[in-house]
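Written out below as structure tokens is the structure these notes cover.
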């Protein structure tokens, strides 16, 4: 069920109505049932997989906590990681690993994957990468002693199944989400209005910005060899906005939906396009994943190897960003995307003192704006590799940007206008939230009428400029 | 050595490593309260603290510090 479909809003409306009608003590069970139905609507069979994952992790979590011996605690933690990562590898990476293994051995020519032994005909269950990571984090937290294992099976199940975050995150933390399940949630009008406003923003980002750019971008990329450098550059810059609008739009709808049910999910974005360097970008982009990798991979590796000095940091960065890269999918372009981020952050780490000295000699506004622009260009460049199916495709686009002379392609001026207005509104809202530059704000205006009229205009603009073809969210495929 | 003395020394190590004279820590200060205190600089600070106090933290201790107060109490525990 897509968040941008009519059926989703029918589901949401009727679920909300029933949720607040039934007695408080049954509400978590109700959420559990509708979350299960929501997942079954995607594909019925996958409910068995997720129930297996929930059950086994519920039991192992308690075992980790109850084991008095440190060795048994580590054994159960490794068992859990083995089971979870094993499931993820089977569904997401098995064919990729086999293909590369045989390719490496040079045994089989791989134009046709049918020739590879043991190849599995599986489709990645939507949301698997998100809830597996969430579960591993839960296990590590129990092992570290920072949380208690959840003993209530229904509540633990809801931690994984809660439908607003089930398919595309945010990857929640147990210490943030589980206490919310234990409260008695009462109807609060403010939760409904705040949630609805957040959903409206999400729809704007998805339907007006992301899906409109998507039409242009996919046309350009499909014929990238014949496109001019200016067109390829423009499409690549727009793609950065598209991915941001698509994923943060989805997150807005997820957070807005959760809010309506009285839950606060983790923020996943903090105005990433205004980041001043690549490290800063990763503190603002897909925060629930980047902070997960920071807490459970980077910090343990680097702290354990702190005697290695700078090499320990480099080692931790490479492992962490390769994980972030391949988390997106089983392909070499994602590995390269991750490595690029790691190298950029290494460079920033080595040059941090020099850059600080330089910054003192330049006007801060100019220095900051140049930093934002450079970071944006780096992210755009790395996203060319991210979006390309193969490395040669990425190289062709990059070569095309510099070598193909010609005019900018657009089918009609209105296409350009709608895309640019959408990106502009998104940027202005981010700039306002980051710096509070503009004295007059529309959506957070203290005057109730101005605020309501602004949201009404936003909805009208969505209806006028939105793309209503039910385009899938980019991050569904991860 | 008491916790307050440790806090003052930790503060001076933060100022040196992060190259920021304006840093003023208290026991509730968290990473997000200090602009340059990211995970990369965190490692440098831990190394500098261990070197100064001549102590060695276990990995689990380091991973469970949530604020400056935890860190100072951790140092005190090691010194005693």
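Residue numbers (this note's numbering), protein chains in the order written: chain B, 9 to 486; chain C, 8 to 87. Backbone N, C-alpha and C fix where the C-beta goes; we use that ideal spot for every residue, glycine too. Note that the coordinates shown come from a computational prediction; the quantities given were computed from them, not determined experimentally.
Distance CB(residue i)-CB(residue j) smaller than 8 Å
| i | j | result |
| --- | --- | --- |
| residue 136/B | residue 100/B | yes |
| residue 203/B | residue 265/B | yes |
| residue 48/C | residue 14/C | no |
| residue 287/B | residue 358/B | no |
| residue 218/B | residue 177/B | no |
| residue 246/B | residue 427/B | yes |
| residue 1/B | residue 310/B | Any question about residue 1/B goes unanswered here, given that chain B covers just 9 to 486. |
| residue 235/B | residue 384/B | no |
| residue 47/B | residue 55/B | yes |
| residue 157/B | residue 70/B | yes |
| residue 153/B | residue 304/B | no |
| residue 140/B | residue 92/B | yes |
| residue 261/B | residue 11/B | yes |
| residue 183/B | residue 268/B | no |
| residue 73/B | residue 150/B | yes |
| residue 76/C | residue 42/C | no |
| residue 277/B | residue 292/B | yes |
| residue 180/B | residue 173/B | yes |
| residue 220/B | residue 475/B | yes |
| residue 82/C | residue 53/C | no |
| residue 17/C | residue 31/C | no |
| residue 248/B | residue 388/B | yes |
| residue 410/B | residue 237/B | yes |
| residue 129/B | residue 404/B | no |
Interface flag, residue i vs chain B, CB-CB below 8 Å
| i | result |
| --- | --- |
| residue 36/C | no |
| residue 70/C | yes |
| residue 29/C | no |
| residue 87/C | no |
| residue 67/C | yes |
| residue 88/C | Chain C is shown from 8 up to 87; residue 88/C falls before or after that span and cannot be answered. |
| residue 20/C | no |
| residue 9/C | no |
| residue 47/C | yes |
| residue 82/C | no |
| residue 62/C | no |
| residue 50/C | yes |
| residue 77/C | no |
| residue 40/C | no |
Contact with chain C by residue i, beta-carbon distance below 8 Å
| i | result |
| --- | --- |
| residue 312/B | yes |
| residue 321/B | yes |
| residue 237/B | no |
| residue 302/B | yes |
| residue 444/B | no |
| residue 79/B | no |
| residue 154/B | yes |
| residue 307/B | yes |
| residue 364/B | yes |
| residue 8/B | Shown here, chain B extends from 9 to 486; a query on residue 8/B therefore has no answer. |
| residue 452/B | no |
| residue 244/B | no |
| residue 298/B | no |
| residue 400/B | no |
Limits of the unbroken alpha helix (DSSP H) element including residue i
| i | result |
| --- | --- |
| residue 308/B | 307 to 312 |
| residue 383/B | 372 to 395 |
| residue 459/B | 456 to 473 |
| residue 10/C | 10 to 25 |
| residue 65/C | That residue, residue 65/C, is in no alpha helix (DSSP H); it is neither H nor E in DSSP. |
| residue 319/B | 318 to 335 |
| residue 191/B | First-last for residue 191/B: undefined, no H or E at that position. |
| residue 63/B | 54 to 74 |
| residue 525/B | No statement about residue 525/B is possible, as the shown extent of chain B runs from 9 to 486 and does not include it. |
| residue 23/B | 14 to 29 |
| residue 28/C | Counting along the chain, residue 28/C falls outside any alpha helix (DSSP H), and DSSP gives it neither H nor E. |
| residue 98/B | No alpha helix (DSSP H) contains residue 98/B, which DSSP labels as neither H nor E. |
| residue 47/B | 35 to 50 |
| residue 42/C | Element bounds for residue 42/C: n/a, residue is neither H nor E. |
| residue 400/B | 399 to 411 |
Minimum Cβ-Cβ distance from residue i to chain D less than 8 Å
| i | result |
| --- | --- |
| residue 74/C | Chain labels in this structure do not include chain D; the protein chains are B and C. |
Considering only residues of the region 196 to 226 of chain B, which uninterrupted alpha helix (DSSP H) runs meet the minimum length of 4 residues and lie entirely inside it, listed in chain order?
197 to 211
Please list the segments of the beta strand (DSSP E) lying wholly inside the region 105 to 189 of chain B, counting only runs of 3 or more residues, in order along the chain.
none
Enumerate, from N- to C-terminal direction, the unbroken beta strand (DSSP E) stretches of 3 or more residues contained entirely within the region 266 to 305 of chain B.
none
Runs of beta strand (DSSP E) lying entirely within the region 231 to 266 of chain B, each at least 3 residues, in chain order:
none
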